[in-house]
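J.:
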Amino acid sequence: MSEPIVPPTEPVQVQNEVSYNIPTTQASPALSVSLLEIFLAIGLGFCFFLPWIKILGVGVSGFQIQKLGQDGLIFWLIPVMSSIAVLAGMIGKSQKDAAMLAGITPFGIVIYFCIQAGNNYQQIIDALGAGAWVALVIGFLMIVLSFNLKNANAKS
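If you read the sequence shown in the numbering used here, its first letter stands for residue 1288, the second for the next number, and so on.
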């Protein structure tokens, strides 16, 4: 919990200036990283609804792809893992692990489809839409910050 706000103490005279000793509170680095991880996880969840791939010039979202068949069901990992990361951050348990797994998820999905494409993996990379690229950037940030979260939690 945060410390209660305390009214200013007695004025202190310093070379014809009056200043007050006002207690300040600062968020710990672990708390700041934890909140950032929560916001990134929420952003990753929104990427599920952005265009992940361009088919004949039309962007198709992860939500639409998952309806196409068995291989598309892997896209459900995005909202599931991002929800787990948000919940872990809110309750303060195993957030570093949940954030790491959520961050790895978009990379895993892209790698899975590249492996499925075999020698034509470059076509998958070329067809990636904005949702995929945003998810990859958010995933990278979540992975990097999860290492920082481990360090910040170890210090506090």
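Where a beta carbon is used, it is the ideal one built from N, C-alpha and C, also for glycine.
Quick one: give me the first and last residue of the beta strand (DSSP E) that Ile-1342 is part of.
T.: Taken as a continuous stretch (DSSP letters only), the beta strand (DSSP E) holding Ile-1342 covers 1338 to 1342.
J.: On the three-state DSSP scale, how would you describe Ser-1348?
T.: Of the three classes helix, strand and coil, the one that applies to Ser-1348 here is strand, per DSSP.
J.: Between the alpha carbons of Gly-1395 and Ser-1321, how many angstroms are there, rounded?
T.: So the alpha carbons of these two residues sit roughly 23 angstroms apart.
J.: Between Glu-1324 and Leu-1423, which are expected to be in contact by the criterion C-beta below 8 angstroms, what is the C-beta distance as a whole number of angstroms?
T.: Their Cβ separation, rounded to whole angstroms, is 17 angstroms, which puts Glu-1324 and Leu-1423 out of contact at 8 angstroms.
J.: Nearest-angstrom Cα distance between Met-1377 and Ile-1352?
T.: Rounded to whole angstroms, Met-1377 to Ile-1352 spans 30 angstroms at the Cα level.
J.: Whole-angstrom Cβ separation of Ala-1404 and Pro-1338, contact assumed at under 8 angstroms?
T.: That pair is no contact at about 19 angstroms.
J.: Report the option in Trp-1420, Gln-1357 and Val-1347 whose CA atom is closest to the CA atom of Thr-1392.
T.: Here the closest residue by C-alpha is Trp-1420.
J.: Distance check for Val-1345 and Ile-1430, CA to CA, integer angstroms please.
T.: Roughly 30 angstroms separates the two Cα atoms.
J.: Hey, Ser-1381 and Gly-1332: beta-carbon distance below 7 angstroms or not?
T.: Result no, Cβ atoms of Ser-1381 and Gly-1332 do not sit closer than 7 angstroms.
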